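Numbering (our numbering), first residue to last: 786 to 1272.
Glycine included, every Cβ here is placed at the ideal spot set by N, Cα and C.
Since the structure is predicted, the reported quantities are computational estimates derived from the model, not experimental observations.
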Ligand SMILES: Cc1cc2nc3c(=O)[nH]c(=O)nc-3n(C[C@H](O)[C@H](O)[C@H](O)COP(=O)(O)OP(=O)(O)OC[C@H]3O[C@@H](n4cnc5c(N)ncnc54)[C@H](O)[C@@H]3O)c2cc1C
């Protein structure tokens, strides 16, 4: 007779943001005898190894999915810490209207939870990530201040803030404003994906202790293929490590493998939910460069010091996608201005537009190789197109608030915003959604799909702060023991 699969209180898949926040909450509430198995398909790299090998690791990750010729790419990192290794560390909140675009503007879908529900959890994540952010963000009411003061703005940011009071603010960021116990302060060199001094939050530099807890068994290089079910309950997972197929049993199973791989695992498990994998979406962004008159750039203390909501106004939102404006305190888009005496009179900008879920865009099983997700994304919404197609005119109006000689907008949108959203969408109806508002898969009581796959919309704000807050919200509702935020 074969050996019975080992049993754990929690089986956790992945070691990115979602898994790390869920693990934190599970361990905080559990006694010394609790047993957790964490299965991570990638390896653990030191910061130095990551810097050296990033190109190769990115290529390896891209080779794990199938994309049809001509369709858009998606960005993610496979390895201990997931996307925290390569993220840029911009952490704006979604604004209250972003959760209610159907009822306020008649487009997209409302979220089954609102800004007020998530607000205390936003604060918890901001504290854990030591976010530096503004004290005056009128669009995102706060119950407590950011743990760190805002980064220093550039001079163009200050002019924009004066021109657009209540709409332009310092960019919240997990690039350390002041040194933490594990990270030096950001030096503003503008290569955040591969931060050379390890100043941005990563799971590796701030949360490794969780995975070293004696209650946790971490298995690296262990790829989860599917979840096992018995009588409507998830009972365990099937995984591969070092060429061997294994199984583990668990009372609670949480998938934190991101919106591509969570959907892929659940599709391979045969979870009978018609919405599963559907609605793959992300924002669409474009670059612009403004040639300034008499204002120098690059005095800020980090790469992105400002963000503005001037293309995010309620009055326009039933017609076209909202756009979030990010200002660059670095030369990555603009370079220096090639005019004697005006070298620094230049400002790079990104405008990031929201998009809507569309059933035609989806994660599926690659028929040629079921071990690979097939990412199908033939189109973005007409709503997003109406935003991005008018960016030149709209941005022209916004930039009238700055002394600008001229500006130019990139003709082609960025290929990807490197965010992955919408494939295990939240809702109440199993016919149209995959998880409930607590991220529990419909038809199961003990299987969670964490992360931005649950988002019903792709608001302009970068998603990671929100998906982390949503994880804590779910943990407070699903796990027994003392809540983080009292009911
Ligand atoms: C270049 C870049 C820049 C970014 N910048 C920002 C930013 O500035 N702000 C922002 O908000 N977001 C940013 N993002 C997005 C951010 O990285 C993601 O939103 C975030 O990492 C998602 O967190 P997650 O925990 O859901 O998944 P991930 O961080 O993707 O973690 C998933 C984990 O699961 C593991 N895994 C996958 N499949 C399996 C399997 N079958 N079995 C076992 N393990 C598995 C992976 O190896 C990984 O460790 C950026 C992304 C990229 C690529």
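Residue i beta carbon near ligand 1 (any heavy atom closer than 8 Å)
i	result
residue 867	yes
residue 826	yes
residue 1046	yes
residue 963	no
residue 1236	yes
residue 1068	no
residue 871	yes
residue 1208	no
residue 1154	no
residue 954	no
residue 1115	no
residue 1087	no
residue 1248	yes
residue 832	no
residue 1252	yes
residue 1096	no
residue 1092	no
residue 936	no
residue 762	Residue 762 falls outside the range modelled here, since the chain spans only 786 to 1272, and no answer is possible.
residue 992	no
residue 1050	yes
residue 1010	yes
residue 863	yes
residue 798	yes
residue 978	yes
Residue i and residue j closer than 9 Å at C-beta
i	j	result
residue 939	residue 1132	yes
residue 1121	residue 944	no
residue 1106	residue 1195	no
residue 1148	residue 1048	yes
residue 808	residue 822	no
residue 1025	residue 1013	no
residue 1160	residue 886	no
residue 901	residue 877	no
residue 933	residue 1254	no
residue 1040	residue 850	no
residue 996	residue 865	yes
residue 1134	residue 1075	yes
residue 806	residue 1260	yes
residue 1109	residue 948	no
residue 813	residue 1265	no
residue 728	residue 793	Here the chain has residues from 786 to 1272 only, and residue 728 is not among them.
residue 737	residue 1126	Any answer about residue 737 is impossible in this case: the structure gives the chain only from 786 up to 1272.
residue 897	residue 1213	yes
residue 1192	residue 1007	no
Residues near residue i in its chain [Cβ-Cβ closer than 7 Å; skip 5 each side]
i	result
residue 952	1093, 1094, 1095
residue 1207	1044, 1064, 1065, 1066, 1142, 1238, 1240, 1243
residue 1173	1069, 1071, 1138, 1198
residue 1100	none
residue 912	932
residue 786	Per-residue confidence for residue 786 stands at a pLDDT of 47, beneath the threshold of 50, marking its modelled position as unreliable; the derived number appears in the next sentence. Cβ within range, chain order: n/a, list empty.
residue 905	928, 1270
residue 1263	1223, 1225, 1233
residue 1252	802, 803, 1236, 1237
Neighbourhood of residue i by C-beta, 6 Å cutoff - its chain only, sequence neighbours within 5 removed
i	result
residue 1085	937, 938, 939, 1114
residue 1220	1209, 1211, 1226, 1234, 1239
residue 969	982, 984
residue 1023	1010, 1011, 1032
residue 1169	1069, 1106, 1138, 1140
residue 907	878, 1254
Proximal residues to residue i (C-beta, below 8 Å), its chain only, five neighbours per side dropped
i	result
residue 790	1021, 1031, 1032, 1033, 1034
residue 781	One cannot answer for residue 781 here, as it falls past the ends of the chain, which runs 786 to 1272.
residue 1102	882, 886, 889, 890, 892
residue 1201	857, 858, 859, 860, 1067
Proximity test, Cβ basis, 9 Å: residue i and chain B
i	result
residue 1062	Absent here is chain B; the protein component of the structure consists of one chain.
### Segment contact flag, the segment 953 to 972 with the segment 871 to 882, C-beta cutoff 8 Å, min 3 pairs
yes
### Task
Tell me the start and end of each unbroken alpha helix (DSSP H) in the segment 877 to 903 that is at least 4 residues and wholly inside, in chain order.
886 to 890
### Query
Residue ranges of each alpha helix (DSSP H) run of no fewer than 4 residues wholly in the segment 903 to 964, ordered along the chain?
940 to 948
### Task
May I have a chain-ordered list of the beta strand (DSSP E) segments no shorter than 3 residues that lie completely inside the segment 1085 to 1127?
1089 to 1096, 1108 to 1113
### Message
As an exercise, report each continuous alpha helix (DSSP H) stretch of at least 4 residues that is fully enclosed by the segment 979 to 1018, in chain order.
### Response
988 to 991, 993 to 997
### Message
Quick check: the segment 814 to 823 against the segment 999 to 1010, are at least 3 beta-carbon pairs closer than 8 Å?
### Response
yes
### Task
Run through the segment 827 to 866 for me and flag every whole alpha helix (DSSP H) of 4 or more residues, listed as ranges in chain order.
832 to 847
### beta strand (DSSP E) segments (min. 3 residues) lying fully within the segment 1205 to 1270
1232 to 1234
#### Entry: beta strand (DSSP E) runs contained entirely in the segment 1175 to 1206, provided each spans 3 or more residues
1189 to 1194
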